[in-house]
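Colleague:
There are 2 protein chains.
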Amino acid sequence: MSIEEAGTATPMEDIGPIENVPLRVQVANRLRTAILSGRLKPGTSLVETALADQMNVSRAPIREAIQILENDGLVETIAYKGKRVKPLTAREVEEVYSLREAFEVMAVQRIIERNTPVDALRAPCEAMLKAAGDDDLEGLVAGDEAFHRTLIEIADHDLLAASWKSLYLRIHQIMALRSRKDHDLQAIASNHPPIVDALAARDMDRAVNLISAHTRNLKELDPETIAKTT
Amino acid sequence: MSIEEAGTATPMEDIGPIENVPLRVQVANRLRTAILSGRLKPGTSLVETALADQMNVSRAPIREAIQILENDGLVETIAYKGKRVKPLTAREVEEVYSLREAFEVMAVQRIIERNTPVDALRAPCEAMLKAAGDDDLEGLVAGDEAFHRTLIEIADHDLLAASWKSLYLRIHQIMALRSRKDHDLQAIASNHPPIVDALAARDMDRAVNLISAHTRNLKELDPETIAKTT
DNA sequence: GTCAAATGAATTGTCGACAACATCCAGACT
DNA sequence: AGTCTGGATGTTGTCGACAATTCATTTGAC
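Those sequence lines, one after another, are chains A and B. No gaps in the numbering here: position 205 of the first sequence is 205 in the working numbering, and each next residue is one more. No gaps in the numbering here: position 227 of the second sequence is 1227 in the working numbering, and each next residue is one more.
1) Could you pull out every residue in the same chain whose Cβ sits closer than 6 Å to the Cβ of Q1186 of chain B, ignoring the five residues on either side in sequence?
2) Applying the criterion that 16 or more other CB atoms from any shown protein chain within 10 Å of the CB defines a buried residue, is T1033 of chain B buried or exposed?
3) Going along chain B, which residues have a C-beta under 9 Å from L160 of chain A?
4) Beta-carbon separation of L1088 of chain B and P1042 of chain B under 8 Å?
5) Is the beta carbon of I1171 of chain B closer than 8 Å to that of V1096 of chain B?
6) Can you list the residues of chain A that S1058 of chain B reaches, using a CB-CB cut of under 8 Å?
7) Can you list, in chain order, the stretches of the beta strand (DSSP E) that have 3 or more residues and sit fully within the segment 1135-1170 of chain B?
8) Across the segment 1189-1203 of chain B and the segment 1077-1085 of chain B, are there enough close Cβ pairs to call them in contact, namely three or more that are closer than 8 Å?
9) Distance, Cα to Cα, L169 of chain A vs A65 of chain A?
10) Among A:R24, A:E138, A:H214 and A:D156, which one has its Cα closest to the Cα of E48 of chain A?
11) With DSSP run on the structure shown, which of helix, strand or coil describes T116 of chain A?
12) Going by DSSP, what residue range makes up the alpha helix (DSSP H) through K1130 of chain B?
13) Among the residues of its own chain, which have a CB less than 8 Å from the CB of T1150 of chain B, if the five just before and after it don't count?
14) To the nearest angstrom, how far is the alpha carbon of E5 of chain A from that of A1079 of chain B?
15) Tell me, please, whether the CB atom of M1106 of chain B is closer than 8 Å to any CB atom in chain A?
16) Do E92 of chain A and T215 of chain A count as a contact pair if the criterion is CB distance below 8 Å?
17) Name the DSSP bridge partner or partners of S45 of chain A?
18) To the nearest angstrom, how far is the alpha carbon of V1105 of chain B from that of V1208 of chain B?
19) What are the start and end residues of the alpha helix (DSSP H) that includes T1033 of chain B?
20) Closest Cβ-Cβ distance between S163 of chain A and chain B: below 8 Å?
21) By Cβ distance below 7 Å, which residues in the same chain neighbour R1110 of chain B in space, the five residues on each side in sequence not counted?
22) Which residues in chain B sit within 9 Å of Q67 of chain A, going by Cβ to Cβ distance?
23) Give a yes or no on whether the minimum CB-CB distance between H1157 of chain B and chain A is below 8 Å.
24) So with Cβ pairs under 8 Å, would you call A90 of chain A a contact of chain B?
25) Is the Cβ of A28 of chain A closer than 8 Å to any Cβ of chain B?
26) Which residues in the same chain as G1139 of chain B place their Cβ atom closer than 6 Å to its Cβ, once the five residues preceding and following it in sequence are excluded?
27) Which word fits S1163 of chain B, buried or exposed, when buried means at least 16 other C-beta atoms lie within 10 angstroms of its C-beta?
28) Skipping 5 residues on each side, what residues in its chain have a beta carbon closer than 7 Å to that of E1070 of chain B?
29) Could you list the residues in the segment 1029-1050 of chain B with a C-beta less than 9 Å from some C-beta on chain A, going in chain order?
30) To which residues of the same chain is S58 of chain A closer than 8 Å at the C-beta, ignoring the five residues directly before and after it?
31) Using the three-state DSSP reduction, which class does T215 of chain A fall into: helix, strand or coil?
32) Have a look at L129 of chain A and L218 of chain A and give me their C-alpha separation to the nearest angstrom.
33) For the beta strand (DSSP E) containing V1075 of chain B, list its first residue and its last residue.
34) Relative to the C-alpha of L167 of chain A, which candidate in A:R178, A:G73, A:E153 and A:D136 has its C-alpha closest?
35) I'd like to know if P87 of chain A contacts chain B, where contact means its C-beta is closer than 8 Å to some C-beta of that chain.
36) Can you have a look at N191 of chain A and say buried or exposed, based on whether 16 or more other CB atoms are within 10 angstroms of its CB?
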């Protein structure tokens, strides 16, 4: 039965197209999740044949999946020797955060220059404040990601969005290795609303300074996180 | 004749280790060159089997090479339909140049903040001025790339360098499609020395404004270039 | 005993064949 | 005439086997 005929007999709701996801994408997603959750630690060696056996697929999709993760910057390959989860160095963490700062500053500038509405940022702010009140770390992290993703999205710049997304994967990875007590939920949540206010007021200097400071604060937290992994 | 036998008879100088470059890299380089030179125009369909026949290799390295180019942003894949050289839209050109501006501004800020020496930028400037005098477009372009590559390199930020490099590939592609008369050699060459002066003087505002203006000037040139390709 | 060459194990690199999927066209049926 | 069906074709997706390369270990000569 082809996809077009699907809805003729019974009126069924739109569940969207049936996605036939290639194996390489499934494999890449599984590996990525494992890396980002910290289950696959930096430095772990990834052997194609072993992974192929574990997942019951041939090596071809595994290779392609690993190449995808390599583009994400999560894995590195050494020819004829092996592939491994990219080790996190202090330098790399600094670079990730500083590049993220540049991306978000660019987004802020673009939003103000083009007079883009910023209402979409209010909801994530509320969610974060609520999560902070409930001492809900997961919720806070989700809200934080939603906030920054939205910030990048409304900047309406596909290339920036793609670059930011790739970079944010590594931030996920770094945060997963960070211990819980390092987070001050209330402080993180209350950082965001002033950014939205400055954007709404089209106050370029204030908005840039706030987003810049916000990103730099996060960077400060991580030196000892790195020490644990290398 | 194989590469190993080539130099045995005559005493040869040290050309470094013999790099055994994987086929995928060789293929990727050939395809990339073809795309950047404009020989493979945006929209051209890339068929794995056809390329494999042409280059006398199997499909595996071709696939991996195409995936490399996909990461470079030069090729896009549509599942079960085909792969093609990514079409250049006006929007994409705008995004490429605006992101490049952000990258170079970041490099400038970093160079000034960290008090990095900028002497390495003088040589490319000289080369460009000389090339402009000789009406040597190739030389000027090479000098321009050397200047900006050096700018990024002395910023000492691997992630920034990698991102910039990938972005610059597309700028190559765009420039290759641009007609010769659009270039004002003298103007381009003389744009660069003031940037170095501002950097050397650690004058943040002036340096940022100059590099920003320089990048924006380039962007202005391209609308009609795009019209020709899409 | 020490150093160099050979061997072997582990891993990625490459290949050719077949499967899955989408598109297009021809032909049958209404 | 129009439309649906079925197959032919072109392309990517996946597989299993073999080749190439590296590194560690063992072997052998001196």
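For glycine and all other residues, C-beta sits at the position ideal for the given N, C-alpha and C.
Modeller: So, from the data block:
1) A1132.
2) T1033 of chain B is classed as exposed because its beta carbon has fewer than 16 other beta carbons within 10 Å across all chains shown.
3) Proximity of chain B to L160 of chain A at the Cβ level (cut-off 9 Å) is accounted for by E1095, S1098, L1099 and A1102, in chain order.
4) The answer is yes: Cβ separation under 8 Å.
5) A distance below 8 Å separates the beta carbons of V1096 of chain B and I1171 of chain B.
6) Result: empty, since nearest Cβ-Cβ is about 12 Å, beyond 8 Å.
7) Complete beta strand (DSSP E) runs here, min 3: none at all.
8) No, they do not touch.
9) Whole-angstrom Cα-Cα distance: 16 Å.
10) Just measuring C-alpha positions, the residue of A:R24, A:E138, A:H214 and A:D156 sitting nearest E48 of chain A is A:R24.
11) Three-state result, T116 of chain A: coil.
12) Going by DSSP, K1130 of chain B is part of the alpha helix (DSSP H) stretching over R1122 to G1133.
13) If you ignore the 5 residues before and after T1150 of chain B, its C-beta comes within less than 8 Å of the C-beta of A1120, L1121 and P1124, all in its own chain and listed in chain order.
14) Residue placement at E5 of chain A is flagged as unreliable, the pLDDT there being 34, under the threshold of 50; the coordinate-derived value follows with that caveat. E5 of chain A and A1079 of chain B: Cα-Cα distance of roughly 22 Å.
15) So, interface residue.
16) E92 of chain A is positioned such that its CB atom lies no closer than 8 Å to that of T215 of chain A.
17) DSSP lists A:R84 as partners of S45 of chain A.
18) C-alpha separation (whole angstroms): 6 Å.
19) First-last of the alpha helix (DSSP H) with T1033 of chain B: L1023 to L1036.
20) Closer than 8 Å to some Cβ of chain B, the Cβ of S163 of chain A qualifies, so yes.
21) Counting only residues of its own chain and dropping the five nearest sequence neighbours on each side, R1110 of chain B has a CB closer than 7 Å to the CB of A1155 and H1157.
22) By Cβ distance, chain B contributes E1064, Q1067, I1068 and N1071.
23) Residue contact check for H1157 of chain B against chain A: a CB pair falls below 8 Å.
24) Taking Cβ atoms only, chain B never reaches closer than 8 Å to A90 of chain A, which makes this a no.
25) Chain B, which has no Cβ nearer than 8 Å to the Cβ of A28 of chain A, makes this no.
26) Residues A1131 of the same chain have their beta carbon placed closer than 6 Å to that of G1139 of chain B, with the five preceding and five following residues left out of the count.
27) Classified as buried, S1163 of chain B has 16 or more neighbouring CB atoms from the shown chains inside 10 Å of its CB.
28) Cβ within range, chain order: E1076 and T1077.
29) Along the segment 1029-1050 of chain B, none of the residues has a CB nearer than 9 Å to a CB of chain A.
30) Answer for S58 of chain A: A52, listed in chain order.
31) Here T215 of chain A sits in helix by DSSP.
32) If you take the alpha carbons of L129 of chain A and L218 of chain A, they lie about 18 Å apart.
33) First-last of the beta strand (DSSP E) with V1075 of chain B: V1075 to I1078.
34) Of A:R178, A:G73, A:E153 and A:D136, the residue nearest in Cα terms is A:G73.
35) Using beta-carbon distances, P87 of chain A does not count as an interface residue toward chain B, since no partner is under 8 Å.
36) Flag for N191 of chain A reads buried.
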